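Working notes for the structure below.
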Ligand code: AMP
Ligand code: GLY
């Protein structure tokens, strides 16, 4: 089969690596890809959001399956266009991708499907929103309805902060037009985890759960990022919790989306808060997490092409997944300054030596090649991924590889996996 992966991050590098291992994958393409992906797949210089060009390219090159990595092309309707062109696709339609594209829609689905979640209300009028904040008090959470590049969530510890957040969002001072509607919701406390399931529109099967580290600094301090590292399995994720999440969250959501005429085909990334009242869904994303995908793909011991194809063809009920009996951990290396401003095109050396470290795979997230040199082009640049018997061993292996790299302009957190490592010690 000819497979095209859409995207250019660490997530897509991990997907390409896993797909390439499938005996059914006869040709692998990635648009637009990065320097690491180019060693596995033929990179196609078309942007992930160029829906028309991607559809035309896939058609002209008789691609059999397109796997869409990021949310933006999904929300723009790439899956719909490919399907209209008769091409199989892993990733939801635009109507189903609204689960991530509109937080208000997502919350309504959770409510109507009876899924445990924070209480909430949607507002397009700033006076009404402010009155609601005053009535409920703090702590409280203010969210923009639309996509805001992974931001768009403000956790407010006091009422003044919350009122200010409402004003800033609704006056479009932050997040632009994504702020035409705000969602005000209950502040939930607890341990967070990311649970992944795959659906074919009718049924769904669980993948695994991972925990990520969103804050930029050690000890979970500093501003939030797209994710500075992740590990899998998450110790808090028991078989009983997996079954509970399937019964109370994933399956009711899939059934409700079908009822709405928006059948969900693709991966459901379910952000969970383990609260004192039981697990609650914080949000859905309509794609794999980045860097969570890197650890899921390292641990998966089944043919990912078979799984994604079964989801695209509505055959998931027949699929059983197998996992390696090992832990995986990824340390993200970012350009100094990220998530603020950072330098581009700095050279990274020592990548081959890092890749030779035991159990290690180096995912590229924001790189390009120029005359044999690898240059950093993004904020998050590399994902140093390692397998080990335990999270502790995977962590040790990942940092050994990090330390062989010669990239003075990059940095990483030194404590990825701390929660699991502390549990393994006891
Ligand atoms: P999101 O962009 O929806 O993933 O939210 C970003 C982060 O904000 C989540 O990973 C949580 O850590 C936090 N968050 C979102 N909603 C809530 C909530 N209702 N209560 C507490 N924390 C939240
Ligand atoms: N790592 C979080 C995300 O992909 O949204």
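Numbering (the numbering used here), first residue to last: 695 to 1120. The C-beta atom is built at its ideal place from N, Cα and C for all residues, glycine as well. None of these values were measured; they are calculated from a predicted model.
Close-in-space but distant-in-sequence residues of the same chain around residue i (CB under 6 Å, 5 per side omitted)
i            : result
residue 1057 : 704, 707, 708, 988, 1077 and 1079
residue 785  : 762, 768, 773 and 960
residue 736  : 723
residue 884  : 967, 968 and 969
residue 868  : 862
residue 1018 : 993 and 995
residue 894  : 959, 1005, 1008 and 1010
residue 1048 : 1056, 1095, 1098 and 1099
residue 973  : 966
Residue i: CB within 6 Å of a non-hydrogen atom of ligand 1
i            : result
residue 968  : no
residue 823  : no
residue 975  : no
residue 879  : yes
residue 965  : yes
residue 882  : yes
residue 1056 : no
residue 835  : yes
residue 928  : no
residue 904  : no
residue 847  : yes
residue 832  : no
residue 812  : yes
Residues that residue i bridges to, as DSSP identifies them
i            : result
residue 1017 : 994
residue 888  : 904 and 965
residue 909  : 918
residue 948  : Per DSSP, none; premise fails for residue 948.
residue 960  : 893
residue 811  : 975
residue 1027 : 1076
residue 722  : 697
residue 1055 : 1079
residue 816  : 877
residue 1067 : 1064
residue 1035 : None, per the DSSP bridge assignment.
residue 1104 : 1029
residue 736  : 723
residue 899  : 892
residue 1022 : 926 and 1081
Other residues of its chain near residue i: CB distance less than 7 Å, five sequence neighbours each side excluded
i            : result
residue 729  : 1058, 1061, 1062, 1063 and 1068
residue 996  : 1015 and 1016
residue 747  : 740
residue 818  : 874 and 875
residue 936  : 900
residue 1051 : 1091, 1094, 1095 and 1098
residue 836  : 848, 850, 856, 859, 860, 863, 876 and 878
residue 963  : 888, 890, 978, 979, 981, 982 and 983
residue 712  : 991, 994 and 998
Opening and closing residue of the beta strand (DSSP E) in which residue i lies
i            : result
residue 782  : 782 to 784
residue 976  : 972 to 979
residue 837  : 834 to 838
residue 704  : Per DSSP, residue 704 belongs to no beta strand (DSSP E); it is in the alpha helix (DSSP H), 704 to 714.
residue 848  : 847 to 850
residue 1040 : 1040 to 1042
residue 924  : 923 to 926
residue 759  : 759 to 762
Contacting residues, own chain, Cβ-Cβ under 8 Å from residue i (five flanking each side not counted)
i            : result
residue 1000 : 716, 718 and 1013
residue 1104 : 1027, 1028, 1029, 1030, 1040, 1042, 1070, 1075 and 1076
residue 940  : 891, 898 and 900
residue 807  : 946, 947, 949 and 950
residue 896  : 948, 952, 957, 1008, 1010 and 1011
residue 831  : 853
residue 845  : 869 and 918
residue 871  : 840
Continuous alpha helix (DSSP H) stretch holding residue i: start and end
i            : result
residue 1125 : What is shown of the chain runs 695 to 1120, which leaves residue 1125 out entirely.
residue 767  : 765 to 769
residue 854  : 853 to 864
residue 1093 : 1085 to 1098
residue 935  : 933 to 939
residue 776  : 772 to 778
residue 745  : 745 to 754
residue 1049 : 1045 to 1049
residue 1113 : 1112 to 1119
Chain C contact for residue i (CB, 7 Å cutoff)
i            : result
residue 1087 : The chain inventory of the structure shown lacks chain C, comprising one protein chain alone.
Give the residues whose C-beta lies closer than 5 Å to at least one heavy atom of ligand 2, in chain order.
906, 921, 983 and 984
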